[in-house]
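**Student:** Questions regarding the structure given below will be posed in turn.
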Amino acid sequence: MSELLFVEQFTRQSEMVTDEDLLAQSLDGSVNAFEVIVNRYKDRLFNFVVRFVGDQETAEDIVQETFLRAYRNRDTFQAVAKFSTWIYTIAGNLAKSELRRRKRWRFLSLGSKDEHGNTFELPDVASNPDRDAETLLAEAKIEDAIARLPDHYREAIILRDIEGLDYDEISTIVGVPLGTVKSRINRGRLRLQEDLGDLACALWKQDEDETTAVRSNP
Amino acid sequence: MTCAESQNLFSEYLEGQITGTVQQGLVEHLEACPACAQKLKLMRIMRVRLSKLDRKHLPDTFSFEMRRALLAEMNRENIWLNRLRALLSPRPQTVWSAAVGTAFAAVCFAVLWLTFPPGGQSGWRSDSVTEVDAAQHDQSVRYVLEHLPFDGEPIESTVKDTARVMPVPPSQAREVVQPVSATF
Numbered sequence: 104m105s106e107l108l109f110v111e112q113f114t115r116q117s118e119m120v121t122d123e124d125l126l127a128q129s130l131d132g133s134v135n136a137f138e139v140i141v142n143r144y145k146d147r148l149f150n151f152v153v154r155f156v157g158d159q160e161t162a163e164d165i166v167q168e169t170f171l172r173a174y175r176n177r178d179t180f181q182a183v184a185k186f187s188t189w190i191y192t193i194a195g196n197l198a199k200s201e202l203r204r205r206k207r208w209r210f211l212s213l214g215s216k217d218e219h220g221n222t223f224e225l226p227d228v229a230s231n232p233d234r235d236a237e238t239l240l241a242e243a244k245i246e247d248a249i250a251r252l253p254d255h256y257r258e259a260i261i262l263r264d265i266e267g268l269d270y271d272e273i274s275t276i277v278g279v280p281l282g283t284v285k286s287r288i289n290r291g292r293l294r295l296q297e298d299l300g301d302l303a304c305a306l307w308k309q310d311e312d313e314t315t316a317v318r319s320n321p
Numbered sequence: 064m065t066c067a068e069s070q071n072l073f074s075e076y077l078e079g080q081i082t083g084t085v086q087q088g089l090v091e092h093l094e095a096c097p098a099c100a101q102k103l104k105l106m107r108i109m110r111v112r113l114s115k116l117d118r119k120h121l122p123d124t125f126s127f128e129m130r131r132a133l134l135a136e137m138n139r140e141n142i143w144l145n146r147l148r149a150l151l152s153p154r155p156q157t158v159w160s161a162a163v164g165t166a167f168a169a170v171c172f173a174v175l176w177l178t179f180p181p182g183g184q185s186g187w188r189s190d191s192v193t194e195v196d197a198a199q200h201d202q203s204v205r206y207v208l209e210h211l212p213f214d215g216e217p218i219e220s221t222v223k224d225t226a227r228v229m230p231v232p233p234s235q236a237r238e239v240v241q242p243v244s245a246t247f
């Protein structure tokens, strides 16, 4: 565990170092430099992958495999693209492969997964004491609605609205033209609204109440 | 502008990516169409909600497992690198080992080649057998030289000629060869 503490120290010292420089250091044989990259991106990638494939264990495996592939191919990375774009592309491709594999074997599976291969989980209120039950329930419904979106809409929505990447980056990661990305995001959002129906209206009402409260108590 | 056309522009409008006449057209449509205006407002709320969704975290053991996997990967790389380096810059000991090995392999190959030649007969010959062969060869050459067809006529072989070419009968020749080859 002392090695992990060393990596944490190294991470703090390397806050100002760019991903590309860290990658160059790892090419010279420094595993610690690559671990700083891992610490920077592990949660971001996990958030993307877990919502894309809908299963925590598979998402963990995919994130680990993403980093290993990036490490193996670190000499092929070209600085013309951002490192974040490159690593999201690897993760996205692995997640898509997993979804394709699932579709192939869907008829053999008798688990508790729905037709899209997503596992439904009830929100765990106890593990999130700072969020009220209503918010958690609403979030769970939104997560389910995201899971029900077609793969290409879901990928675009997660990258844009949850991960906050810009359109150019998404276009490179997904491997489609910019116009297609914009279209997918717009249609994905409209599809989400339709799917959520009553919840969307409830969110609207809640939003209006909050706005009124802010206006009356500035 | 129709409802479908305006809805196609919602995302870009919310992110401030449309300007000029397109924006003007959309605003006019939204003022005239409450259904589209409501959809746009819902999309704005939905975007905010999505950006505030609870962040998921990897278990604490992930970093430890990742480090182990990376070290294993680094070791695997080092093994191949070391093998490549050894090939590109061999040590003297390695060179001598390779030379001795190659010489030994060459000797083994030669012995096998002579013992089991491609023709099927053993390549090993005793001196006595070689002498018999040389005598037969000399006889044959002499016979051919004496009977060269100067006028282009073919040579007719006779029993007498054969006897001249092979002074040692085959049975006798076998008696000479067999005891010698049995020693190998």
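Going line by line, the protein sequences match chains B and R. First residue of the first sequence: 104, per my numbering; consecutive thereafter. First residue of the second sequence: 64, per my numbering; consecutive thereafter. Yeah, the Cβ is synthetic: ideal placement off N, Cα and C, and Gly gets one too. Here the structure is a predicted model, which means the values were calculated and not measured.
Roughly how many angstroms separate the alpha carbons of residue 245 (chain B) and residue 139 (chain R), rounded to a whole number?
**Tutor:** As a first step, residue 245 (chain B) must be located in the first sequence, where it is residue number 142. As a first step, residue 139 (chain R) must be located in the second sequence, where it is residue number 76. If I take the Cα positions, the gap works out to 44 Å.
**Student:** Relative to the C-alpha of residue 118 (chain R), which residue among B:300, B:263, B:247, B:154 is closest?
**Tutor:** Numbered from its first residue, the second sequence carries residue 118 (chain R) at position 55. Of the listed residues, the one whose Cα sits closest to residue 118 (chain R) is B:154.
**Student:** On the three-state DSSP scale, how would you describe residue 303 (chain B)?
**Tutor:** On the first sequence, residue 303 (chain B) is found 200 positions in, with the first residue counted as 1. Residue state, collapsed to three classes: helix.
**Student:** Are any of the Cβ atoms in chain B nearer than 7 Å to that of residue 81 (chain R)?
**Tutor:** Numbered from 1 along the second sequence, position 18 holds the residue referred to as residue 81 (chain R). No, residue 81 (chain R) does not count as interfacial toward chain B.
**Student:** I need the straight-line Cα distance from residue 188 (chain B) to residue 278 (chain B), nearest angstrom please.
**Tutor:** If you number the first sequence from 1, residue 188 (chain B) lands on position 85. If you number the first sequence from 1, residue 278 (chain B) lands on position 175. Distance between the alpha carbons of residue 188 (chain B) and residue 278 (chain B) is about 11 Å.
**Student:** How should residue 170 (chain R) be labelled, buried or exposed, when 16 other C-beta atoms within 10 angstroms of its C-beta is the threshold for buried?
**Tutor:** Residue 170 (chain R) sits at position 107 when you count from the first residue of the second sequence. Flag for residue 170 (chain R) reads exposed.
**Student:** Whose Cβ in chain B lies nearer than 7 Å to the Cβ of residue 74 (chain R)?
**Tutor:** Here residue 74 (chain R) is taken as the residue at index 11 of the second sequence, counted from 1. Ordered by position in chain B, the residues that pass the 7 Å Cβ test against residue 74 (chain R) are 285, 288, 289, 292.
**Student:** So residue 99 (chain R) is in the alpha helix (DSSP H); what residue range does that whole segment cover?
**Tutor:** One-based indexing of the second sequence puts residue 99 (chain R) at position 36. Per DSSP, residue 99 (chain R) belongs to the alpha helix (DSSP H) from 97 to 114.
**Student:** If we cut at 7 Å on Cβ distances, does residue 235 (chain B) have a partner in chain R?
**Tutor:** The sequence position of residue 235 (chain B) within the first sequence is 132, counting from 1. So, not an interface residue.
**Student:** Flag residue 218 (chain B) as yes if its beta-carbon sits less than 7 Å from any beta-carbon of chain R, otherwise no.
**Tutor:** Mapped onto the first sequence, residue 218 (chain B) falls at position 115. Residue placement at residue 218 (chain B) is poorly supported in this model, since its pLDDT is 47, which falls under 50; the coordinates are not used for a value here.
**Student:** Have a look at residue 93 (chain R) and residue 99 (chain R) and give me their C-alpha separation to the nearest angstrom.
**Tutor:** Working through the second sequence from its first residue, we reach residue 93 (chain R) at position 30. Working through the second sequence from its first residue, we reach residue 99 (chain R) at position 36. Taking the straight line from one Cα to the other gives about 6 Å.
**Student:** Residue 149 (chain B): which of R:113, R:97, R:125 sits nearest, CA to CA?
**Tutor:** Taking the first sequence and counting its residues from 1, the one referred to as residue 149 (chain B) is at position 46. The residue with the shortest Cα to Cα distance from residue 149 (chain B) is R:125.
**Student:** Between the segment 67 to 74 of chain R and the segment 276 to 294 of chain B, do at least 3 Cβ pairs fall closer than 8 Å?
**Tutor:** yes
**Student:** Could one say the Cβ of residue 108 (chain R) lies closer than 7 Å to chain B's Cβ atoms, at least one of them?
**Tutor:** Translated into positions along the second sequence, residue 108 (chain R) becomes position 45. Yes, because at least one Cβ of chain B sits closer than 7 Å to the Cβ of residue 108 (chain R).
**Student:** Which residue marks the beginning of the alpha helix (DSSP H) containing residue 136 (chain B), and which one marks its end?
**Tutor:** The sequence position of residue 136 (chain B) within the first sequence is 33, counting from 1. Element bounds for residue 136 (chain B): 134 to 156.
**Student:** Give the DSSP-derived three-state secondary structure of residue 64 (chain R) in the structure shown.
**Tutor:** In the second sequence, residue 64 (chain R) corresponds to position 1, counting from 1. In this structure, residue 64 (chain R) counts as coil in the three-state DSSP scheme.
**Student:** Run through chain A and tell me which residues come within less than 8 Å of residue 114 (chain R), C-beta to C-beta.
**Tutor:** Given the protein chain composition of this structure (B and R), no chain A is represented.
**Student:** DSSP three-state call for residue 132 (chain R): helix, strand or coil?
**Tutor:** Taking the first residue of the second sequence as position 1, residue 132 (chain R) is located at position 69. Residue 132 (chain R): helix per DSSP, three-state reduction.
**Student:** Output yes if chain B places a C-beta closer than 7 Å to the C-beta of residue 64 (chain R); else output no.
**Tutor:** Residue 64 (chain R) sits at position 1 when you count from the first residue of the second sequence. Answer no: the Cβ-Cβ gap between residue 64 (chain R) and chain B never drops below 7 Å.
**Student:** Shortest alpha-carbon distance to residue 281 (chain B) belongs to which of B:120, B:295, B:297, B:263?
**Tutor:** On the first sequence, position 178 is the one that residue 281 (chain B) refers to. The shortest Cα separation from residue 281 (chain B) among B:120, B:295, B:297, B:263 belongs to B:263.
**Student:** Please return the same chain residues whose Cβ sits closer than 7 Å to the Cβ of residue 136 (chain B), not counting the five positions on each side in sequence.
**Tutor:** By one-based count along the first sequence, residue 136 (chain B) stands at place 33. 125, 128, 129.
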